[in-house]
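Student:
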Amino acid sequence: MMISLRQLKVFVTVAQEKTITAAAEQLYLSKPAVSMALSDMEKLLDKKLFERLNNRLIINENGKRLLPLADEMLARSQQIQHVFEQSDQLSGSLRVGASDTIGNQLVPFLLSDFRCQSGHYDQRLFVSNSQTIAEKLLAFELDIGLVEGRFDAHQSNDYSQLTVIPWLSDEMCIACSPNHPLVKQQSLSLFDLEQLEWIVREPGSGTREHFMSRIAPRLSNWTISFELSNTEAIINCAAAGLGFAYLSRLSARHAAMAGRIALLPLPLDLQRQYWLAMHQEKHQTPLLSLFVEFCRRWHVED
């Protein structure tokens, strides 16, 4: 007896959802049907694919070895369904993950341009912080990630499974209320940033990582006033005088032009690299290959 595509789909979904209940809801199957499909597959392979921990199923090393192959088989099965359609027609769905700044400021325009050029309209966008995007790439829940933070192996051994390619670049800035005394000061230095309160992103965010590597080490005395996961909330807090914000200029430009926040001119190199990220073992369908190439050629219009 051979392993079926249905069993592979159950396996991949359980790996992503981590419970039989959640997987059953995603697959529109009963819990016994999901359990049986997974059990039959493990018997056929004579290997356990998950560790059972209370009600959760955590993928083990056997499962991790199988996951990229299962993902590829499912992707290829979708291609087979469309093999006799017009040769110039792209098939399948594209699952794009983006970290906060990129997802809010760039990807909507990137996808709009991609649709116009390719004629492909089936994309799904997931926006979160860089760490969450990495986790979903590792679980094959996303096809590609567009992120602000680079994934280094010292952060997690699993990150070595990701291929990371330089993409666009952006500049960071320091923002505060227009009424703060520093706004009227003629020239500013790092010394002026001492003893200030900062509104920062949550752990796992590429913006927070950049702040902690570029600004925080140069200050001897600073505190966190708020830790937020939403850029607009950070801008509003800065506008209200609740602290200083470290933001992408892309994110801050509209609020600055409207006079809601002021951007402080500091003699610092605050350039930041954006990255394209994929799992090394991710099967590149014609659709994914085209999208990667499109991203590498794409640039932001003024």
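Read in order, the letters of the sequence shown correspond to residues 183 to 484 in my numbering. By construction, the Cβ of each residue, glycine as well, lies at the ideal position given by its N, Cα and C atoms.
#1: Any chance the region 289–306 sits against the region 251–262, with 3 or more Cβ pairs inside 8 Å?
#2: Can you tell me which of the three DSSP states Q261 falls into?
#3: In three-state terms, what does DSSP make of E353?
#4: Please classify L303: is it buried, with 16 or more other beta-carbons within 10 angstroms of its beta-carbon, or exposed?
#5: Given L450, which residues of its chain have a CB within under 6 Å of its CB, disregarding the five upstream and five downstream residues?
#6: So if DSSP puts S281 in a beta bridge, which residue, or which two residues, is it bridged to?
#7: Can you tell me where the alpha helix (DSSP H) holding I241 begins and where it ends?
#8: For L410, which beta-bridge partners are listed by DSSP?
#9: Is DSSP giving G327 helix, strand or coil here?
#10: Look at the alpha carbon of L401 and the alpha carbon of L452, and state the distance between them as a whole number of angstroms.
#11: Tell me the rounded alpha-carbon separation between R478 and A215.
#12: So, V309 versus A459, is the Cβ gap smaller than 8 Å?
#13: Rank V365, S430 and L350 by C-alpha distance to the C-alpha of T389 and give the top, closest one.
#14: Quick check on the DSSP output: what are the complete beta strand (DSSP E) runs of length 3 or more inside the region 453–479, in order along the chain?
#15: Residues in its own chain within less than 6 Å of K318 by CB, not counting five upstream and five downstream?
#16: Any idea what DSSP makes of N428, helix, strand or coil?
#17: Tell me the rounded alpha-carbon separation between A398 and W404.
#18: Which residues in the same chain as M223 place their Cβ atom closer than 7 Å to its Cβ, once the five residues preceding and following it in sequence are excluded?
#19: So the candidates are E391, G301, F322 and K229; which of them puts its Cα closest to the Cα of Q466?
#20: Run through the region 205–246 for me and flag every whole beta strand (DSSP E) of 3 or more residues, listed as ranges in chain order.
#21: Measure from the alpha carbon of L424 to the alpha carbon of each residue in T413, S433 and F408, then state which is nearest.
#22: According to DSSP, what are the bridge partners of I347?
#23: Where P250 and S471 are concerned, what is the direct C-alpha to C-alpha distance, given to the nearest angstrom?
#24: Using the C-alpha atoms, what's the distance from C298 back to R238?
#25: Assuming A437 and A421 make a contact with CB atoms under 8 Å, what is their CB distance in whole Å?
Tutor: In terms of the structure at hand:
#1: Contact between the region 289–306 and the region 251–262 is absent, because fewer than three Cβ pairs lie under 8 Å.
#2: If you number the sequence shown from 1, residue 261 lands on position 79. Of the three classes helix, strand and coil, the one that applies to Q261 here is helix, per DSSP.
#3: On the sequence shown, position 171 is the one that residue 353 refers to. If DSSP states are grouped into helix, strand and coil, E353 belongs with the strands.
#4: By one-based count along the sequence shown, residue 303 stands at place 121. As written in the sequence, residue 303 is Tyr, which differs from the Leu given in the question. Exposed, because fewer than 16 other Cβ atoms sit within 10 Å of the Cβ of Y303.
#5: Here residue 450 refers to the residue found at position 268 when the sequence shown is read from its first residue. Here the set comprises nothing.
#6: For this step, residue 281 is matched to residue 99 along the sequence shown. Paired residues: S310.
#7: Indexing the sequence shown from 1 puts residue 241 at position 59. No alpha helix (DSSP H) contains I241, which is instead part of the beta strand (DSSP E) from R238 to I241.
#8: Looking up residue 410 in the sequence shown gives position 228. Beta-bridge pairing links L410 to R383.
#9: In the sequence shown, residue 327 corresponds to position 145, counting from 1. Correct three-state label for G327: strand.
#10: Position 219 of the sequence shown, counting from 1, holds the residue named residue 401. Position 270 of the sequence shown, counting from 1, holds the residue named residue 452. CA-CA distance, L401 to L452, rounds to 15 Å.
#11: Within the sequence shown, the letter at position 296 stands for residue 478. Within the sequence shown, the letter at position 33 stands for residue 215. Each residue's Cα considered, the two are about 43 Å apart.
#12: Taking the first residue of the sequence shown as position 1, residue 309 is located at position 127. Taking the first residue of the sequence shown as position 1, residue 459 is located at position 277. Their beta carbons are not under 8 Å apart, which means V309 does not touch A459 by this criterion.
#13: Taking the sequence shown and counting its residues from 1, the one referred to as residue 389 is at position 207. When only C-alpha atoms are compared, the closest one is S430.
#14: Qualifying beta strand (DSSP E) stretches, in chain order: 453–461.
#15: Locating residue 318 in the sequence shown gives position 136, where the first residue counts as 1. Hits under 6 Å: G279 and L324.
#16: Counting from 1 along the sequence shown, the entry for residue 428 is found at position 246. The residue you asked about is not Asn; residue 428 is Tyr in the sequence shown. The answer is strand: DSSP assigns Y428 an E or B state.
#17: On the sequence shown, position 216 is the one that residue 398 refers to. On the sequence shown, position 222 is the one that residue 404 refers to. So the two alpha carbons sit approximately 8 Å from each other.
#18: Numbered from its first residue, the sequence shown carries residue 223 at position 41. Within the same chain, M223 has close Cβ partners I185, Q189 and F193.
#19: Counting from one through the sequence shown, the residue named residue 466 turns up at place 284. Checking every option, the nearest Cα to that of Q466 belongs to F322.
#20: 232–235 and 238–241
#21: Locating residue 424 in the sequence shown gives position 242, counting from the first residue. Measuring from the Cα of L424, the nearest candidate turns out to be F408.
#22: Here residue 347 is taken as the residue at index 165 of the sequence shown, counted from 1. I347 has L458 as its beta-bridge partners, per DSSP.
#23: On the sequence shown, position 68 is the one that residue 250 refers to. On the sequence shown, position 289 is the one that residue 471 refers to. Rounded to the nearest angstrom, the two C-alpha atoms are 17 Å apart.
#24: In the sequence shown, the residue the question calls residue 238 occupies position 56. In the sequence shown, the residue the question calls residue 298 occupies position 116. Rounded to the nearest angstrom, the two C-alpha atoms are 43 Å apart.
#25: As a first step, residue 437 must be located in the sequence shown, where it is residue number 255. As a first step, residue 421 must be located in the sequence shown, where it is residue number 239. The Cβ separation is near 7 Å, so the contact holds.
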